[in-house]
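Have a look at the structure below before the remarks.
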Amino acid sequence: MSLPRVFVITGANKGIGYGIVKGLAEKLQTAIIYLTARNEKLGKESLDKLIKELGDNRHSDIRFHQLDITDRTSCENFASYLKKEHSGLDVLVNNAGFAFKLWKVKELNYGRALQNAASEPPEKQARVTIGINYNGTKQVSNILFPLIRGGGRVVNVSSSEGVIAGRYSDEIIARLTSPSLTVADIDKFTCDYMKACIEDKRRENGFPNSAYKVSKAAVIALTFIQAKELKTRNILVNACHPGYVNTDMTSHYGLLTIEEGADTPIYLATLEGNGPTGKFFYKRKEIDWNVPFVSS
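So the sequence shown is numbered by my numbering: it starts at 261 and just counts up by one.
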């Protein structure tokens, strides 16, 4: 008898991650799904809430484990647990992410308008955002990848904000789209941006102002490299834009429900064996990250 497949969802105590766990538990029969979160208390509360929500619609075993993707010890402890408990895992959904509060509502005489709400210095926004979204994703991937069984799946939840067309200099775009791109090249891309933040020369050096855009572009670029590295093990690796979802991260201005935002990550996490790899998706369709994004 085959062993149940093991799914790991990072940053899953709320928002899209929570929706991914819920959707997988409804869709899959007899899988083991790990809802992971940095905060153990909040994670366990989310697990209890989800099990009650699902009721008889839950067809898989949902478990909680603490995981902070920016903490190497936390990642290694989780890897050791997975190896001991299950001899590995089958699907990793890198959903954990962070954005400074970008918008707030300003009340005006003629109505309401959105205005920028991030007051932190640019270098702090860059350090924190890239540290979680790119460096954290890279770290947890590097630690868990050796445990992913052949035929597994990796999904990196990115964003349309990671699209590079029209947002960077021609030189930077050429570097990011080079067939010989390496992880060291992506590291340099993020470091150059952080340096530009400190010097207050983001635009002059060919970058957008937004650290979130840079972090999500780095995640998409990383996906392409990971797909090449894991191809020999028949592991499919893809990135996706979940859509503009109504979550805390979007200050609840998103137009999509959490269930709608979770749809494409779930689709990629359960791809058939001959599915695509090294691609960027939105609404289950491949899109080009070097073409201006148009929502549909």
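Virtual Cβ for every residue (Gly too), placed ideally from N, Cα, C.
- Same chain only: Cβ atoms within 6 Å of arginine 493, ignoring 5 sequence neighbours per side: If you number the sequence shown from 1, residue 493 lands on position 233. Gly410.
- In the structure shown, what three-state DSSP assignment does threonine 296 receive? Here residue 296 is taken as the residue at index 36 of the sequence shown, counted from 1. In the structure shown, threonine 296 sits in a strand (DSSP, three-state: E or B).
- Inspect the beta-carbon positions of glutamine 326 and glutamate 286 and report whether they are closer than 8 Å. Position 66 of the sequence shown, counting from 1, holds the residue named residue 326. Position 26 of the sequence shown, counting from 1, holds the residue named residue 286. Not in contact: glutamine 326 and glutamate 286 (Cβ atoms no closer than 8 Å).
- Message: Which residues does DSSP list as the beta-bridge partners of isoleucine 322?
- Response: Residue mapping note: residue 322 aligns to position 62 of the sequence shown, counting from 1. Partner(s): Ile293.
- Message: Quick test of the definition: if touching needs 3 or more C-beta pairs under 8 Å, does the stretch 526-535 touch the stretch 478-485?
- Response: no
- Query: Are at least three pairs of beta-carbons, each pair with one atom in the stretch 340-357 and one in the stretch 379-387, less than 8 Å apart?
  - Reply: no
- Query: Quick check: the stretch 299-314 against the stretch 273-281, are there 3 or more CB pairs under 8 Å?
  - Reply: yes
- With 16 as the cutoff for other CB atoms within 10 Å, does alanine 444 come out buried or exposed? If you number the sequence shown from 1, residue 444 lands on position 184. Answer is exposed; the Cβ neighbour count stays below 16.
- Query: With DSSP run on the structure shown, which of helix, strand or coil describes tyrosine 278?
  - Reply: Position 18 of the sequence shown holds residue 278. Correct three-state label for tyrosine 278: helix.
- Message: Counting C-beta neighbours from all protein chains within 10 Å, is the total for valine 497 16 or more, i.e. buried, or is it exposed?
- Response: As a first step, residue 497 is located in the sequence shown; it is residue number 237 there, counting from the start. Classification for valine 497: buried.
- Query: When you compare only the Cα positions, how much space is there between histidine 346 and lysine 461?
  - Reply: One-based indexing of the sequence shown puts residue 346 at position 86. One-based indexing of the sequence shown puts residue 461 at position 201. Near 49 Å, if we compare the C-alpha coordinates of lysine 461 and histidine 346.
- Item | Whole-angstrom C-beta distance between isoleucine 433 and alanine 481, which should lie under 8 Å | Position 221 of the sequence shown holds residue 481. Position 173 of the sequence shown holds residue 433. Wrong, their Cβ atoms sit about 11 Å apart, outside the cutoff.
- Specify the secondary structure class of tyrosine 504 as computed by DSSP and reduced to three states. The count along the sequence shown starts at 1 and reaches residue 504 at position 244. The answer is coil: DSSP assigns tyrosine 504 none of H, G, I, E or B.
- Message: Short of 6 Å in beta carbon distance, which residues of its chain neighbour leucine 288, apart from the five on each side in sequence? Order them along the chain.
- Response: Taking the first residue of the sequence shown as 1, we reach residue 288 at position 28. Closer than 6 Å at Cβ, skipping near neighbours: Ser320.
- Query: Taking just the CA atoms, how far does leucine 516 sit from alanine 373?
  - Reply: Mapped onto the sequence shown, residue 373 falls at position 113. Mapped onto the sequence shown, residue 516 falls at position 256. Note that alanine 373 scores 45 on pLDDT, short of 50, meaning its location in the model is unreliable and no value can be drawn from it.
- Task: Find the nearest neighbour of serine 420 within the set Leu284, Ile280, Ile293 and Glu546, judged by alpha-carbon distance.
- Result: Indexing the sequence shown from 1 puts residue 420 at position 160. Comparing Cα-Cα distances from serine 420 to each of Leu284, Ile280, Ile293 and Glu546, the minimum goes to Glu546.
- Check each candidate in Tyr294, Lys312, Tyr504 and Arg413 and name the one with the smallest Cα separation from alanine 339. The sequence position of residue 339 within the sequence shown is 79, counting from 1. For alanine 339, the nearest C-alpha among the options comes from Tyr294.
- Cβ neighbour criterion (16 or more within 10 Å) applied to threonine 333: By 1-based counting over the sequence shown, the position of residue 333 is 73. Exposed is the call here.
- Item | In chain order, each beta strand (DSSP E) run of at least 3 residues that lies wholly inside the stretch 526-555 | 540-542 and 545-547
- Excluding sequence positions up to five away, which residues of its chain have a Cβ less than 7 Å from the Cβ of tryptophan 549? Working through the sequence shown from its first residue, we reach residue 549 at position 289. The residues are Gly422, Val423, Ile424, Ile480 and Phe540.
- Message: Please report the straight-line C-alpha distance between cysteine 500 and asparagine 355, rounded to a whole angstrom.
- Response: Residue mapping note: residue 500 aligns to position 240 of the sequence shown, counting from 1. Residue mapping note: residue 355 aligns to position 95 of the sequence shown, counting from 1. Their Cα atoms are separated by approximately 10 Å.
- Task: On a CA-only basis, which of Lys455, Leu407, Tyr278 and Pro468 is nearest aspartate 430? Give me that one, please.
- Result: Residue numbering aside, residue 430 sits at position 170 when the sequence shown is read from its first letter. Checking every option, the nearest Cα to that of aspartate 430 belongs to Pro468.
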